[in-house]
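If you're matching positions, the sequence shown starts at -9 in my numbering and goes up one per residue. Please read the structure below before turning to the comments.
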Amino acid sequence: MQGIELHAIDLIKRAGKYIRQKMDQAYHIEEKTNKSDLVTEIDQHVEDLLIRGILDRYPDHHVYGEEGRIVRPDTLEGTVWFVDPIDGTMNFIRQKRLFAISIAIMVEGELRYGFVYDVMADELFHAIKGQGAYENGIRLAPIKERPVKEAIICMNATWVTANRRIDSNLLAPLVRDAVGVRAVGAASLELAWVAAGRVDGYITMRNMPWDYTGGQVLIEELGGRVGTIEGADMTYLEQTSVLAGSRQFVEDVLTYVQK
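This is the structure:
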């Protein structure tokens, strides 16, 4: 393993230990944009822990974090860490499971490293571009090619009801045709599960770079594809739709939405 990879894994494991120690204690909860978009002081403390750990070792690197505990970079120059301290905060608060720490590292505009840590299951998914993807150190197999009609899809029900981001009539037939549809509530975990072959695809109209970049490295390293619902490449500095899975799955989904 390379030094930066080992350092990222050490930070993630220390952050996970901190979360497990604190999660049953009293903590403050705030709404960010709405009642389902929450942040706790534990999210904030974990992001602080990760930022300190990154910049103490690599002071010239940049950090793009969910909770805004440091000024976010406005370009992708140099080395950029995308950090989500607790992806799935609602799950963390209400279920005490199915949440993750997600980190991706981009070097000069190219995603090189991805890490998704399921804190309560103690499952660490990680990948280095060109060197494979792993679950707790065991190499993952390439993603199986499956069309929609053979796929289990991770997608929030929001996108097949009236919403302002996509015509729900476009995705309703996809839900009908798929083997099944799941909603975990933590984008990074859903993407990691695509990489691990537990589900076959992931669709959302609304993710930020810290949500999907860690999982993107995993999926692309296993031969899959990650882009927007319009079929475009990711841009990494703004909110976007995300369509991920095997190349066959992604191409099949695009036939549903590009009618």
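Beta carbons are placed, not taken as given, at the ideal position from N, Cα and C, and that holds for glycine.
C-alpha gap between residue i and residue j, whole angstroms
i	j	result
D64	L227	7 Å
L169	D190	Correcting the residue type first, residue 169 is Val in the shown sequence and not Leu. For V169 and D190, the distance between alpha carbons rounds to 10 Å.
G187	R215	14 Å
K3	G213	27 Å
D223	Q206	11 Å
A162	E100	34 Å
Q15	E31	11 Å
H18	I41	21 Å
L233	F115	20 Å
A152	S158	6 Å
E98	E241	28 Å
E57	R136	36 Å
N81	A177	12 Å
V184	M13	27 Å
G6	E140	35 Å
A147	G221	21 Å
G52	E67	Note on identity: in this sequence residue 52 is His, with Gly being the wrong assignment. H52 and E67: Cα-Cα distance of roughly 9 Å.
Y54	W71	6 Å
G104	G204	4 Å
N126	H35	25 Å
Q121	I(-1)	16 Å
M198	E(-5)	23 Å
P49	W200	20 Å
G217	Q229	13 Å
L1	T69	17 Å
Residues that residue i bridges to, as DSSP identifies them
i	result
Y226	Y226 pairs with nothing; no bridge assigned.
F105	I93 and H116
L233	I193 and G217
T69	V97
G171	Inspection of the sequence shows that residue 171 is occupied by Val rather than by Gly. Its beta-bridge partners are I143.
G55	V73
Y124	H116 and R129
Simplified DSSP assignment, three categories, for residue i
i	result
H116	strand
P75	strand
S92	strand
R136	coil
S178	helix
T30	strand
Y48	coil
R62	coil
A131	coil
D157	coil
L212	coil
T151	coil
Contact belief for residue i with residue j at Cβ below 8 Å, rounded distance in angstroms
i	j	result
S254	I219	Here the chain covers residues -9 to 249 and nothing more, so residue 254 does not appear.
L179	V106	7 Å
V150	V174	The Cβ separation is near 16 Å, so there is no contact.
L39	Y8	6 Å
I133	I209	7 Å
E37	P75	4 Å
V247	L181	With 8 Å as the limit, V247 and L181 do not qualify as a contact, their Cβ atoms being about 19 Å apart.
D33	T79	6 Å
Beta carbon of residue i nearer than 8 Å to that of residue j
i	j	result
I143	V171	yes
E211	A123	yes
M96	R102	yes
M110	I156	no
S92	D108	no
V138	F239	yes
H(-3)	R47	yes
M145	I83	no
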